[in-house]
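Protein chains in written order, with the UniProt record's numbering: chain U, 1 to 222; chain R, 1 to 222. No residue lacks a Cβ here, since even glycine has one placed at the ideal position from N, Cα and C. Each remark here refers to the structure printed beneath this line.
Number of protein chains: 2
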Amino acid sequence: MPTPEIELLKSRSLPMLIEEEIQRVILSGQYAPGDRINEKELTLRFGTSRGPIREALRSLESSGLIEQIPNRGVFVRKLTPEQAAQIYDVRAFLFALAGRLLAMRASEQEIATLRGFVAAMDEAIAADDTDRYLRENFALHEFIVAHAANPVLAGQYLSLIKQLQLYRARNLALVDSMQVSNREHHEMVEAIAARDPDRAQAAHMAHVMSAKRRLAANAGLS
Amino acid sequence: MPTPEIELLKSRSLPMLIEEEIQRVILSGQYAPGDRINEKELTLRFGTSRGPIREALRSLESSGLIEQIPNRGVFVRKLTPEQAAQIYDVRAFLFALAGRLLAMRASEQEIATLRGFVAAMDEAIAADDTDRYLRENFALHEFIVAHAANPVLAGQYLSLIKQLQLYRARNLALVDSMQVSNREHHEMVEAIAARDPDRAQAAHMAHVMSAKRRLAANAGLS
DNA sequence: AATTGAAGATTGTCCTACAATTTTCAATTT
DNA sequence: AAATTGAAAATTGTAGGACAATCTTCAATT
Chain U
1 MPTPEIELLK
11 SRSLPMLIEE
21 EIQRVILSGQ
31 YAPGDRINEK
41 ELTLRFGTSR
51 GPIREALRSL
61 ESSGLIEQIP
71 NRGVFVRKLT
81 PEQAAQIYDV
91 RAFLFALAGR
101 LLAMRASEQE
111 IATLRGFVAA
121 MDEAIAADDT
131 DRYLRENFAL
141 HEFIVAHAAN
151 PVLAGQYLSL
161 IKQLQLYRAR
171 NLALVDSMQV
181 SNREHHEMVE
191 AIAARDPDRA
201 QAAHMAHVMS
211 AKRRLAANAG
221 LS
Chain R
1 MPTPEIELLK
11 SRSLPMLIEE
21 EIQRVILSGQ
31 YAPGDRINEK
41 ELTLRFGTSR
51 GPIREALRSL
61 ESSGLIEQIP
71 NRGVFVRKLT
81 PEQAAQIYDV
91 RAFLFALAGR
101 LLAMRASEQE
111 IATLRGFVAA
121 MDEAIAADDT
131 DRYLRENFAL
141 HEFIVAHAAN
151 PVLAGQYLSL
161 IKQLQLYRAR
171 NLALVDSMQV
181 SNREHHEMVE
191 AIAARDPDRA
201 QAAHMAHVMS
211 AKRRLAANAG
221 LS
């Protein structure tokens with residue numbers, strides 16, 4: 001049976017909607033890394049023909065969430081710890097650029113918002129509310145990248161984040177020490193508030209590299 | 001008897017081949033930025049049906065070379081000077097990471113190759129051979145990124161380079177002062193040879209930012 | 001238990017078809 | 001002449017059937 005939602009939202013093209021939905025399913029963990037994705041199953045799920053499905057899969061392949069093997073089909077991409085580490089390195093540099101750019105152009109309003117995120121995370125830590133912490137944490141990072149005013153940067157950063165979710169979804173949640181992490185956030189935000197691009201760049205890079213180390217340590221233990 | 005063509009089709013699907021060919025045509029300037037790409041024309045050119053063509057176009061869209069507008073078709077992407085500048089910023093940071101990584105792991109062999117490129121460019125400058133300079137210049141950059149041992153980085157960097165070609169193809173070739181540029185190359189390579197990651201990182205970033213300034217200056221004059 | 005081989009499933013591609021939308025271009029009006 | 005309109009033509013977006021090539025499955029055989 002065709003999903004009614006698909007019918008309603010005609011503003012975006014069908015392959016785009018399908019792409020988003022498949023992506024959502026993958027990132028939510030319903031399809032696990034290594035799983036094969038069956039075209040016919042998708043046609044049944046979405047009530048479309050194979051054309052739009054295949055187009056959506058092509059697009060997802062470029063975004064690094066799936067892998068296509070000729071004559072065998074597409075599979076949810078599987079990341080090795082090494083690949084995850086490589087992504088972290090790139091992410092660190094992109095995030096550093098975001099911090100630098102934002103430090104050069106942040107408005108008072110934006111700085112206030114940034115401080116709000118950090119304060120919210122402090123509250124979450126006090127309340128031992130991990131869920132809230134993760135939400136605010138994500139929002140802060142998102143905000144920084146989005147307000148750096150460089151869509152190319154934002155696009156590449158987002159792509160890395162999605163790929164990392166592929167890794168983290170399975171390898172257990174980061175018991176990413178919230179205190180340490182938010183101390184780093186504090187430094188990032190204050191560097192931006194001080195309009196100090198070099199300091200902001202360094203703080204943002206250090207934050208991601210620190211997260212990388214924590215993840216590597218976790219992976220080592222498991 | 002497995003002919004080479006058969007082997008080729010085994011590893012690369014038809015949409016992939018079509019994608020590469022369309023990309024080649026775009027980057028060569030046969031399709032200019034803003035041009036509409038007609039599906040039927042492509043089916044005639046490649047002798048295939050619309051399916052593989054559409055898949056290839058989807059993939060090219062993710063790589064940023066074309067733009068899809070619902071019900072209107074795909075167009076070769078057009079970059080504004082601002083977008084080009086944004087790409088340069090991201091590229092600078094990615095290239096800086098490449099320089100850092102290579103400084104940490106370059107073999108004697110690799111260092112010798114790097115020095116070879118720089119020497120070749122010095123020769124090209126002496127002979128006023130711009131074509132050769134550009135070839136060697138491209139090869140040096142390619143080599144550095146490829147040998148940084150981070151495929152994620154290489155992929156994103158390559159994607160940016162392609163997008164920049166979109167811009168430069170029209171906005172005339174960089175009369176990128178070869179002397180200045182190669183002096184920077186020299187510093188990059190010697191920083192790598194000295195196994196000094198910080199120095200290499202800085203040199204690589206400075207080189208791209210310097211190229212960005214030269215391009216902006218050119219754009220301002222035209 | 002390992003191997004083999006036939007049946008079934010899946011991918012990759014082509015083809016035709018058609019509704020929706022956009023583009024073209026000539027006729028008409030201002 | 002310039003702008004507007006509107007019908008014809010072209011193009012996109014999608015469906016669905018078809019079929020060869022290839023892969024997967026699984027039961028029969030060694």
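**OP:** Spell out whether any CB of chain U is found under 8 angstroms from the CB atom of A112 of chain R.
**Re:** Against the second sequence, residue 112 of chain R aligns to sequence position 112. No, A112 of chain R lies away from the interface with chain U (no Cβ there is under 8 angstroms from its Cβ).
Original post:
Mind pulling the chain U residues with CB within less than 7 angstroms of S63 of chain R?
Top reply: Here residue 63 of chain R is taken as the residue at index 63 of the second sequence, counted from 1. Those are S62, listed as they occur along chain U.
Original post:
Should L44 of chain U go down as buried or exposed, given a rule of 16 or more other Cβ atoms within 10 Å for buried?
Top reply: Translated into the one-based positions of the first sequence, residue 44 of chain U becomes position 44. Exposed, since its Cβ has fewer than 16 Cβ neighbours within 10 Å.
Original post:
Q156 of chain R: buried (16+ other C-beta within 10 angstroms of its C-beta) or exposed?
Top reply: For the purposes of this step, residue 156 of chain R is identified with residue 156 of the second sequence, where counting begins at 1. So Q156 of chain R counts as buried.
Original post:
I think A146 of chain U touches F117 of chain U, with their Cβ atoms under 8 angstroms apart; what is that distance to the nearest whole Å?
Top reply: For the purposes of this step, residue 146 of chain U is taken as residue 146 along the first sequence, with counting starting at 1. For the purposes of this step, residue 117 of chain U is taken as residue 117 along the first sequence, with counting starting at 1. Wrong, their Cβ atoms sit about 13 angstroms apart, outside the cutoff.
Original post:
Which residues in chain U sit within 8 angstroms of P197 of chain R, going by Cβ to Cβ distance?
Top reply: For the purposes of this step, residue 197 of chain R is taken as residue 197 along the second sequence, with counting starting at 1. Simply none; closest approach about 12 angstroms.
Original post:
At what residue ranges does the UniProt domain "HTH gntR-type" (12-79) of chain R contain a whole run of the beta strand (DSSP E), taking only runs of 3 or more?
Top reply: 66-69, 73-76
Original post:
Cα separation between N38 of chain U and G29 of chain U?
Top reply: Taking the first sequence and counting its residues from 1, the one referred to as residue 38 of chain U is at position 38. Taking the first sequence and counting its residues from 1, the one referred to as residue 29 of chain U is at position 29. Near 16 angstroms, if we compare the C-alpha coordinates of G29 of chain U and N38 of chain U.
Subject >> chain R within 8 angstroms of I87 of chain U, Cβ atoms only >> reply: If you number the first sequence from 1, residue 87 of chain U lands on position 87. At least one chain R Cβ lies under 8 angstroms of I87 of chain U.
**OP:** Closer than 7 angstroms by beta-carbon distance: list the chain U residues that pair up with F93 of chain R, in chain order.
**Re:** Counted from its first residue, the second sequence places residue 93 of chain R at position 93. Correct list: F93, L94, A96, L97.
Original post:
Which whole-angstrom value is the C-beta distance of residue 240 of chain U and T48 of chain U, which I expect to be below 8 angstroms?
Top reply: Nothing about residue 240 of chain U can be read from this structure; chain U reaches only from 1 to 222.
Original post:
First and last residue of the alpha helix (DSSP H) that includes Q115 of chain R?
Top reply: Start at 1 with the first residue of the second sequence, and residue 115 of chain R comes out as number 115. First, the residue type needs correcting, since residue 115 of chain R is Arg and not Gln in the sequence shown. Run containing R115 of chain R: 108-126, per the alpha helix (DSSP H) assignment.
Subject >> Listed by chain order, chain U residues near S59 of chain R by CB distance under 8 angstroms >> reply: One-based indexing of the second sequence puts residue 59 of chain R at position 59. Going along chain U in sequence order, the residues near S59 of chain R (Cβ under 8 angstroms) are R58, S59, E61, S62.
Original post:
Who are the neighbours of L153 of chain R on chain U, taking C-beta pairs under 8 angstroms?
Top reply: The residue labelled residue 153 of chain R in the question sits at position 153 within the second sequence. Within 8 angstroms Cβ-Cβ: Q86, D89, V90.
Subject >> Residues that P70 of chain R contacts on chain U, provided the C-beta gap is smaller than 7 angstroms >> reply: Here residue 70 of chain R refers to the residue found at position 70 when the second sequence is read from its first residue. By Cβ distance, chain U contributes S13.
Subject >> Cβ of Q156 of chain U within 8 angstroms of any chain R Cβ >> reply: Counting from 1 along the first sequence, the entry for residue 156 of chain U is found at position 156. With 8 angstroms as the cut-off, Q156 of chain U counts as an interface residue toward chain R.
Original post:
Any Cβ of chain R within less than 8 angstroms of the Cβ of N38 of chain U?
Top reply: By 1-based counting over the first sequence, the position of residue 38 of chain U is 38. Judged by the 8 angstroms Cβ criterion, N38 of chain U is not in contact with chain R.
**OP:** Consider the Cβ of E5 of chain R: report whether some Cβ of chain U lies at a distance smaller than 8 angstroms.
**Re:** Here the question's residue 5 of chain R lines up with position 5 in the second sequence. Residue placement at E5 of chain R cannot be trusted, given a pLDDT of 41 that sits under 50; what the coordinates show is reported in the next sentence. Chain U, which has no Cβ nearer than 8 angstroms to the Cβ of E5 of chain R, makes this no.
**OP:** Give the secondary structure of A194 of chain U by DSSP, where H, G and I count as helix, E and B as strand, and everything else as coil.
**Re:** Position 194 of the first sequence, counted from the first residue, corresponds to residue 194 of chain U. In this structure, A194 of chain U counts as coil in the three-state DSSP scheme.
**OP:** Excluding the 5 residues preceding and the 5 following V25 of chain R in the sequence, name in chain order all residues of the same chain whose CB lies nearer than 7 angstroms to its CB.
**Re:** Start at 1 with the first residue of the second sequence, and residue 25 of chain R comes out as number 25. Taken in chain order, the residues that qualify are Y31.
Original post:
Candidates U:A191, U:Q165, U:E190: which alpha carbon is nearest V76 of chain U's?
Top reply: The residue labelled residue 76 of chain U in the question sits at position 76 within the first sequence. Among U:A191, U:Q165, U:E190, the Cα nearest to that of V76 of chain U belongs to U:Q165.
**OP:** Less than 8 angstroms between the CB atoms is what I'm expecting for A106 of chain R and M205 of chain R, so what's the real figure, rounded?
**Re:** Here residue 106 of chain R refers to the residue found at position 106 of the second sequence. Here residue 205 of chain R refers to the residue found at position 205 of the second sequence. Actually they do not touch by this definition, with Cβ atoms about 18 angstroms apart.
Subject >> DSSP three-state assignment for N150 of chain R, whether helix, strand or coil >> reply: To locate residue 150 of chain R, count along the second sequence from 1; it is residue 150. It is coil, neither helix nor strand.
**OP:** Note down, in chain order, each residue of its chain lying with its Cβ closer than 8 angstroms to the Cβ of L153 of chain R, except the 5 sequence neighbours on either side.
**Re:** By one-based count along the second sequence, residue 153 of chain R stands at place 153. These residues qualify, in order along the chain: L94, L97, A98, L101, V145.
Subject >> Cα-Cα separation between P15 of chain U and A56 of chain R, rounded to whole angstroms >> reply: Here residue 15 of chain U refers to the residue found at position 15 when the first sequence is read from its first residue. Here residue 56 of chain R refers to the residue found at position 56 when the second sequence is read from its first residue. Rounded to the nearest angstrom, the two C-alpha atoms are 13 angstroms apart.
**OP:** Return the CA-CA distance between A103 of chain R and A191 of chain R, expressed in angstroms with no decimal places.
**Re:** Locating residue 103 of chain R in the second sequence gives position 103, where the first residue counts as 1. Locating residue 191 of chain R in the second sequence gives position 191, where the first residue counts as 1. The alpha-carbon atoms of A103 of chain R and A191 of chain R are separated by roughly 7 angstroms.
Original post:
Touch check for the region 175-190 of chain R and the region 80-92 of chain R: three-plus C-beta pairs under 8 angstroms?
Top reply: no
**OP:** List the residues of chain U whose Cβ lies closer than 8 angstroms to the Cβ of R54 of chain R, in chain order.
**Re:** Taking the second sequence and counting its residues from 1, one reaches residue 54 of chain R at position 54. Under the 8 angstroms cutoff, chain U gives G51, E55.
Original post:
Which residue from R:Q179, R:K40, R:L42 puts its Cα closest to that of H207 of chain R?
Top reply: Taking the first residue of the second sequence as 1, we reach residue 207 of chain R at position 207. Closest option to H207 of chain R, Cα to Cα, is R:Q179.
**OP:** With a 10 Å radius around its C-beta and 16 neighbouring C-beta atoms as the bar for buried, classify S59 of chain R as buried or exposed.
**Re:** Here residue 59 of chain R refers to the residue found at position 59 of the second sequence. With 16 or more other Cβ atoms within 10 Å, it is buried.
Original post:
Does the beta-carbon of D131 of chain U have 16 or more other beta-carbons within 10 angstroms, so that it is buried, or is it exposed?
Top reply: Reading the first sequence from its first residue, position 131 is the one you call residue 131 of chain U. Under this definition D131 of chain U is an exposed residue.
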